[in-house]
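Heads up, the thing below is written out as structure tokens.
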Amino acid sequence: MNKVALENVKTDLLIKKNRYKDAELEAIKEGRIQSQIEMYHDMSELYDKLLTQLN
219 MNKVALENVK TDLLIKKNRY KDAELEAIKE GRIQSQIEMY HDMSELYDKL LTQLN
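So the number in the working numbering is just where the residue sits in the sequence shown, counting from 1, plus 218.
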């Protein structure tokens, strides 16, 4: 597999993971419903697991 392509995918996953983590924190701060907070948390965790598998 092309190393540059793999690094680009990893970077993209990291950015998305961080966006969902930020969204989770913002949702907590704004007092949104728990299911929405959990969704952001779960999405961040899933991206983290994908990153771990690629390493």
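All C-beta atoms, glycine included, are put in the ideal place defined by N, C-alpha and C.
Per DSSP, methionine 257 is one residue of the alpha helix (DSSP H) stretching across 252-272.
Shown here, asparagine 226 sits in a helix according to DSSP, grouped into three states. In the structure shown, the three-state DSSP call for asparagine 220 is coil. Each residue's CA atom was taken as its position, placing arginine 237 and serine 262 some 8 angstroms apart. Note that the C-beta distance between histidine 259 and glutamate 242 is below 8 angstroms.
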